[in-house]
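Residue numbering for the sequence shown is 1 to 149, as defined by full-length UniProt numbering. Think of the CB as a built atom: it goes at the ideal place given N, C-alpha and C, for glycine as much as any other residue. Inspection log for the structure reproduced underneath, given as structure tokens.
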Amino acid sequence: MKDFIQIVELPFYAKYLLIAGYLASHNPAKEDKRLFVKDHGKQRKRLKAVNAKAKVSEKTMLLQGPATFSVDRLLAIFHAIIDQKVCLTCDLLAQISTLVELGFFTRTSTDRNILEGSARFVCGLQVSVIMRIGEMVGFNVSRYLCDLL
1 MKDFIQIVEL
11 PFYAKYLLIA
21 GYLASHNPAK
31 EDKRLFVKDH
41 GKQRKRLKAV
51 NAKAKVSEKT
61 MLLQGPATFS
71 VDRLLAIFHA
81 IIDQKVCLTC
91 DLLAQISTLV
101 ELGFFTRTST
111 DRNILEGSAR
121 FVCGLQVSVI
131 MRIGEMVGFN
141 VSRYLCDLL
């Protein structure tokens, strides 16, 4: 409950960073183009093969738990899901540090410099919390989760 109260009080962009971090932790990186790019090329594939691969990938993601992600990937997903044009500022990077300090993101690399982009994190929040955050900001999280597609 305390964590949720902290989330409610977070700034608007920090909530989107939490959503982006959750999506980065729970979706394979190879699916980013399909999920976040509007026109990502041809969609012709054999449906049977695609469905079989998706089921195997989904089971693997569920068994492995959340994966690590880089700051670069976090920011790329953030910019893809937010409706506004947002410039990369020190404020966004400071919000990432705040999310780490609050325990919403866990640093998994020894690199302390967020600016270099090589620092790696994992988002350990529950899907129900992320769904509530999505409702707060008017974003449909389930539309971008591979496990729910």
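Within 10 angstroms of the beta-carbon of residue 75 lie 16 or more other beta-carbons, which makes it buried. Annotation for residue 17: 74, 78, 92, 95, 96 and 99 place their beta carbon closer than 8 Å to its own, counting only its chain and skipping 5 residues before and after. For residue 106, the enclosing beta strand (DSSP E) starts and ends at 105-107. As DSSP reads the structure, residue 122 sits in a beta bridge with 106. When the five nearest sequence neighbours on each side are left out, the beta carbons in the same chain lying within less than 6 Å of the beta carbon of residue 122 are those of 25, 66, 68, 106 and 108, in order along the chain.
Judged by DSSP in its simplified three-state form, residue 139 adopts coil rather than helix or strand. Counting other Cβ atoms within 10 Å of its Cβ, residue 140 stays below 16 and is therefore classed as exposed. At the C-beta level, residue 114 and residue 15 stay beyond 7 Å of one another.
Runs of the alpha helix (DSSP H) lying entirely within the region 62-101, each at least 4 residues long, are 71-81 and 90-101 in chain order.
The three-state secondary structure of residue 32, taken from DSSP, is helix.
For residue 16, the enclosing alpha helix (DSSP H) begins and ends at 12-26. Burial check for residue 125: the Cβ neighbour count within 10 Å reaches 16 or more, so the residue is buried.
Between the alpha carbons of residue 29 and residue 72 lies a gap of roughly 12 Å.
By a beta-carbon distance limit of 8 Å, residue 144 does not contact residue 10. Their separation comes to about 20 Å.
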